[in-house]
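Residue numbers (my numbering): 2 to 634. From the three backbone atoms N, C-alpha and C, an ideal C-beta is built for every residue, glycine too. Here the structure comes first, spelled out in structure tokens, and everything after it is commentary.
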Amino acid sequence: MIFTLDFSQGNTLEFRDTGNRSPPGHVTDTKCNPDITAAFQNNWKDDVVRWPFIQLAGETASRGKPPNIQRGQAISYLHYLLLARPDLYVAQGLLSSKKGLTFFFGIGGEGIREFHVQWDHERFDQLLCAFIYRLYQPGHFADSSYINIEFDKETTAKYTINIRISEREKRAVSGFYPIYARNPFATRTHVLSHPRFKLGDKNLSILKDQLCRVGRRFEELKILQEHVHKPTQVPGVVVATYGETIPIGEPLSKERWKHRLGLGESGSPFTSIPTLSQVLETLFDVLEVLRYLRLHREVLHRDISSGNVLYVENSSDRSSPPKTVPLPQDLCFAKYLLGESNDPSKTSMLLVDFNLAEHLGPENGDKPRIDRTGTPIFIARAVEWGAPVPPTLARVPGIPQSCSPYATAHPDRVKEFSSLIEKQHFDPDLRCIDDKKVKKSRDEFRHELNHDAESVFWLLLYWAMVVQPENCRKEKIGAEPWSQLIGDHKTRNRLIRNIALPEPLPDNLIHSLYNPLEPLITRLAAVLVIDSYWLAATDPRREDLYYITEAFQRLILNFIIDNRGKEFMHCRVDKTFRKVQETQDSHALSVSDVQSLDAQSRVIPVGCVRGSMNFCLFLLLCLLQDTDEIEID
């Protein structure tokens with residue numbers, strides 16, 4: 002069935018029944034299929050429209066489905082529509098039932114607004130007309146800096162975006178296409194790519210749009226330009242070449258503005274790293290950069306996750322700091338230590354998204370801190386808990402022996418940790434821990450380097466659990482460990498304790514090809530079982546910010562050297578993830594189609610909350626005046 006409405010704008014909006022097929026071209030490769038889809042007539046091709054050209058997505062109530070399930074499905078379509086449309090601040094949806102229509106508005110960074118209208122309501126026609134009017138004339142529902150969208154066969158859609166060159170000048174740049182999107186009702190991050198675009202003499206191949214809270218303590222552009230990359234550029238960290246703040250304004254959002262960041266480098270998602278050997282090298286380099294930023298730049302990243310650690314496969318082609326600029330001291334990546342490069346600054350890792358990063362300089366001492374930052378699954382348990390992890394009886398491992406290349410490159414580190422050789426263990430004295438000390442631990446807690454290092458452990462465990470080796474027997478992920486991984490800090494704490502035991506890992510935790518990886522995962526977990534806060538005051542690890550990072554780097558590098566050339570280290574992984582036992586088949590991919598295309602195109606890689614808003618009044622006002630300046634009481 003096709004239903005059309007024409008507001009004499011030269012293009013007709015068509016509403017079609019699309020419940021039996023999934024629209025293609027979504028940045029996340031979702032397979033969801035709205036029952037109702039609205040798009041302009043010239044965007045429908047053979048009864049199919051691609052996600053970036055969808056104007057509305059809705060649900061038709063059906064028998065057998067509870068109302069809350071139907072409402073949830075309608076809201077989920079807005080979730081995906083906002084991810085597919087970086088040019089919109091507000092996505093519109095419908096839920097049609099025998100009783101009437103529910104109008105939905107998905108507001109980026111805010112949540113869902115909705116109201117229900119009976120079919121026989123005296124003003125139903127006016128409300129419906131006003132609702133559809135905003136599909137033709139989005140006004141402040143849309144970001145005016147996106148001035149055009151056109152179909153592209155390979156990338157689905159390419160945008161022309163107005164970029165501010167200076168205080169007085171803007172430039173329309175065409176050819177940006179979306180490669181990543183997440184969190185539509187929170188920070189609402191969109192990443193768009195233009196691999197060969199330069200702004201003056203600087204690479205600007207990536208635009209990142211993100212909704213950030215007004216008056217926040219730190220801004221990503223300032224962190225990168227004034228703290229991370231001064232006085233010298235830090236290899237392995239994304240370079241910001243451009244920044245702009247775009248106010249959204251009332252009534253859409255009082256608390257968030259759009260921050261647009263231009264970046265000079267990009268890479269592929271962490272889960273697309275093809276082999277275990279490359280994963281371990283990447284994680285070693287992440288730890289190296291994190292400790293360097295904390296020690297020499299007083300910067301904490303605070304959001305290590307699969308989306309924020311990228312992989313640049315052709316690292317030999319990527320831009321390095323100018324030869325005239327001295328390389329950062331005490332920074333040495335895995336390729337150099339393994340003899341794969343003569344350049345200690347050469348890495349395939351790219352650390353991005355410093356949106357939650359913090360500069361620890363004295364000028365920020367009086368500003369309020371936000372400690373509970375991070376991404377689910379990867380966030381450190383103590384950060385999610387807001388206090389040191391509750392203590393338990395366990396043995397605390399010392400620092401492992403360092404291999405020869407590491408000892409040669411870092412003699413100062415070897416000397417510093419020489420008193421914590423591997424044979425020494427210390428048990429926390431639980432008798433000294435009472436309610437008063439537990440309360441004090443919460444008051445004194447703050448996010449630190451050791452918490453970012455723990456996120457690196459979760460990143461390795463996540464990769465090891467979800468990847469399916471190529472040309473190997475399909476094996477499902479154990480339901481229990483998977484539920485613990487995606488659970489809260491308490492369930493993940495149980496998972497770490499189980500892994501740290503001197504016994505085989507839980508059944509089906511990782512694919513059997515990677516069974517030789519078990520000892521490394523176990524030893525890494527053992528380092529994390531006891532929060533250093535509970536160690537005795539005389540234990541040097543209690544106050545050492547770099548203990549976990551040092552232990553992790555030595556364990557990882559030793560493992561790489563001991564297992565070089567073995568099949569499990571170099572077996573490539575499949576594009577499709579493993580499935581979880583006793584669940585529906587997963588359509589999750591290690592990399593989406595557009596992300597894969599973007600990686601291939603880079604010859605030189607460069608860097609549901611309900612609310613109340615009087616939308617009935619707003620929609621009627623839309624009929625009365627063609628203006629974007631509408632106040633809503």
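Span separating the alpha-carbon of residue 13 from that of residue 104 | Within the sequence shown, residue 13 is the residue found at index 12, counting from 1. Within the sequence shown, residue 104 is the residue found at index 103, counting from 1. For residue 13 and residue 104, the distance between alpha carbons rounds to 21 Å.
For residue 437, the first and last residue of its enclosing beta strand (DSSP E) = On the sequence shown, residue 437 is found 436 positions in, with the first residue counted as 1. Note, residue 437: premise wrong, no beta strand (DSSP E); alpha helix (DSSP H) at 436-445.
Given a threshold of 16 other Cβ atoms within 10 Å of its Cβ, counted over all protein chains shown, does residue 70 qualify as buried or as exposed?
-> Numbered from its first residue, the sequence shown carries residue 70 at position 69. Looking at its Cβ environment, which holds fewer than 16 other Cβ atoms inside 10 Å, residue 70 is exposed.
Between residue 289 and residue 239, what straight-line distance do the alpha-carbon atoms span, to the nearest angstrom?
-> Residue mapping note: residue 289 aligns to position 288 of the sequence shown, counting from 1. Residue mapping note: residue 239 aligns to position 238 of the sequence shown, counting from 1. Looking at the backbone, the Cα of residue 289 and that of residue 239 are separated by about 15 Å.
Between 72, 35, 472, which lies nearest to residue 512 when the distance is taken from Cα to Cα?
-> Against the sequence shown, residue 512 aligns to sequence position 511. Among 72, 35, 472, the Cα nearest to that of residue 512 is on 472.
For the segment 183-266, list the alpha helix (DSSP H) runs that are entirely contained and at least 4 residues long, ordered along the chain.
-> As far as the segment 183-266 is concerned, it has no whole alpha helix (DSSP H) run of at least 4 residues.
If you count every other CB in all the chains shown that lies within 10 Å of the CB of residue 340, and 16 or more means buried, which is it?
-> Indexing the sequence shown from 1 puts residue 340 at position 339. Classification of residue 340: exposed, given that the 10 Å Cβ count is below 16.
The segment 371-385 touching the segment 294-305, judged by at least three CB pairs closer than 8 Å = Under the Cβ criterion (8 Å, minimum of three pairs), the segment 371-385 counts as touching the segment 294-305.
Following the continuous beta strand (DSSP E) through residue 379, name the residue where it begins and the one where it ends.
-> As a position in the sequence shown, residue 379 is number 378, starting the count at 1. Careful: residue 379 lies outside any beta strand (DSSP E) and carries neither H nor E.
C-alpha distance - residue 491 paired with residue 482, whole-angstrom precision | Numbered from 1 along the sequence shown, position 490 holds the residue referred to as residue 491. Numbered from 1 along the sequence shown, position 481 holds the residue referred to as residue 482. Cα to Cα, the separation comes out at about 13 Å.
Could you work out which residue in 17, 29, 61 is closest to residue 55 when comparing CA atoms only?
-> Taking the sequence shown and counting its residues from 1, one reaches residue 55 at position 54. Comparing Cα positions, the closest option is 17.
Close-in-space but distant-in-sequence residues of the same chain around residue 118 (CB under 6 Å, 5 per side omitted) = Start at 1 with the first residue of the sequence shown, and residue 118 comes out as number 117. 101, 102, 125, 128.
Please list, in chain order, all residues of the same chain as residue 66 whose beta carbon is under 6 Å from its beta carbon, the five residues on each side excluded.
-> Position 65 of the sequence shown, counting from 1, holds the residue named residue 66. Cβ contact annotation for residue 66 (same chain, cutoff 6 Å, sequence separation greater than five): none.
Taking Cβ to Cβ, would you say residue 107 is nearer than 8 Å to residue 212?
-> Here residue 107 corresponds to residue number 106 of the sequence shown, with the count starting at 1. Here residue 212 corresponds to residue number 211 of the sequence shown, with the count starting at 1. The answer is no: Cβ separation not under 8 Å.
C-alpha gap between residue 196 and residue 270, whole angstroms | On the sequence shown, position 195 is the one that residue 196 refers to. On the sequence shown, position 269 is the one that residue 270 refers to. Taking the straight line from one Cα to the other gives about 16 Å.
Per DSSP, which one or two residues make a beta bridge with residue 501?
-> Residue 501 sits at position 500 when you count from the first residue of the sequence shown. Beta-bridge analysis with DSSP links residue 501 to no other residue.
Chain-order list of residues whose beta-carbon lies under 7 Å from that of residue 551 (same chain, five-residue window excluded) = For the purposes of this step, residue 551 is taken as the residue at position 550 of the sequence shown. 400, 414, 418, listed in sequence order.
Report the rounded CA-to-CA distance for residue 192 versus residue 443, giving the unit in angstroms.
-> Sequence index remark: in the sequence shown, residue 192 carries index 191 (1-based). Sequence index remark: in the sequence shown, residue 443 carries index 442 (1-based). Between the alpha carbons of residue 192 and residue 443 lies a distance of about 36 Å.
Going by the beta-carbon positions, is the gap between residue 82 and residue 28 smaller than 8 Å?
-> In the sequence shown, counting from the first residue as 1, residue 82 sits at position 81. In the sequence shown, counting from the first residue as 1, residue 28 sits at position 27. No, Cβ-Cβ distance for residue 82 and residue 28 is not below 8 Å.
Three or more C-beta pairs closer than 8 Å, one from the segment 510-526 and one from the segment 381-391: is that the case here?
-> Contact between the segment 510-526 and the segment 381-391 is not established, with fewer than three Cβ pairs separated by less than 8 Å.
Count the other C-beta atoms from every protein chain shown that fall within 10 angstroms of the C-beta of residue 487, then say buried if there are 16 or more, exposed otherwise.
-> On the sequence shown, residue 487 is found 486 positions in, with the first residue counted as 1. Here residue 487 is exposed: its Cβ has fewer than 16 other Cβ atoms, across all protein chains shown, within 10 Å.
N- and C-terminal bounds of the beta strand (DSSP E) containing residue 163 | For this step, residue 163 is matched to residue 162 along the sequence shown. Residue 163 -> beta strand (DSSP E) spans 157-165.
According to DSSP, is residue 141 helix, strand or coil?
-> Here residue 141 corresponds to residue number 140 of the sequence shown, with the count starting at 1. Helix, per DSSP.
Kindly give me the distance between the Cβ atoms of residue 87 and residue 58, rounded to whole angstroms, as I take these residues to be in contact under 8 Å.
-> Looking up residue 87 in the sequence shown gives position 86. Looking up residue 58 in the sequence shown gives position 57. Actually they are not in contact, since the Cβ atoms of residue 87 and residue 58 sit about 16 Å apart, beyond 8 Å.
Could you tell me the distance, in whole angstroms, from the CA atom of residue 19 to the CA atom of residue 164?
-> Taking the sequence shown and counting its residues from 1, the one referred to as residue 19 is at position 18. Taking the sequence shown and counting its residues from 1, the one referred to as residue 164 is at position 163. Residue 19 and residue 164 have their C-alpha atoms spaced approximately 36 Å apart.
Grab me the residues of residue 219's own chain with a C-beta within less than 7 Å of its C-beta, minus the 5 sequence neighbours each way, in chain order.
-> Taking the sequence shown and counting its residues from 1, the one referred to as residue 219 is at position 218. Excluding sequence neighbours, residue 219 sits near 358, 359, 360.
Shortest alpha-carbon distance to residue 574 belongs to which of 60, 198, 278?
-> Position 573 of the sequence shown, counted from the start, is the residue given in the question as residue 574. Nearest option by C-alpha distance: 278.
Which residue's Cα is closest to the Cα of residue 480: 469, 581, 569, 351?
-> On the sequence shown, residue 480 is found 479 positions in, with the first residue counted as 1. Of the candidates 469, 581, 569, 351, the one whose C-alpha sits nearest the C-alpha of residue 480 is 581.
Under 7 Å Cβ to Cβ from residue 527, same chain only, skipping five residues before and after it: list those, please.
-> Within the sequence shown, numbered from 1, the residue matching residue 527 stands at position 526. Hits under 7 Å: 398, 501.
Proximal residues to residue 499 (C-beta, below 7 Å), its chain only, five neighbours per side dropped = Position 498 of the sequence shown, counted from the first residue, corresponds to residue 499. If the five residues before and after residue 499 are omitted, its C-beta is found closer than 7 Å to the C-beta atoms of 507, all from its own chain and listed in chain order.
So residue 107 is in the alpha helix (DSSP H); what residue range does that whole segment cover?
-> The residue you call residue 107 lines up with position 106 of the sequence shown. Premise fails: residue 107 lies in the beta strand (DSSP E), 101-108, not in any alpha helix (DSSP H).
Hey, how far is the Cα of residue 154 from the Cα of residue 264?
-> In the sequence shown, residue 154 corresponds to position 153, counting from 1. In the sequence shown, residue 264 corresponds to position 263, counting from 1. The alpha-carbon atoms of residue 154 and residue 264 are separated by roughly 25 Å.
What are the partner residues of residue 60, as DSSP defines its beta bridges?
-> Residue numbering aside, residue 60 sits at position 59 when the sequence shown is read from its first letter. According to DSSP, which records beta bridges pairwise, residue 60 is partnered with 96.
Can you give the Cα-Cα distance for residue 295 and residue 546, rounded to whole angstroms?
-> By 1-based counting over the sequence shown, the position of residue 295 is 294. By 1-based counting over the sequence shown, the position of residue 546 is 545. Answer to the nearest angstrom: the Cα atoms are 9 Å apart.
Starting from residue 116, trace the beta strand (DSSP E) both ways and give me its first and last residue.
-> Within the sequence shown, the letter at position 115 stands for residue 116. 112-119 is the extent of the beta strand (DSSP E) around residue 116.
Starting from residue 293, follow the alpha helix (DSSP H) in both directions and report where the run begins and ends.
-> Position 292 of the sequence shown holds residue 293. Counting along the chain, the unbroken alpha helix (DSSP H) around residue 293 starts and ends at 277-293.
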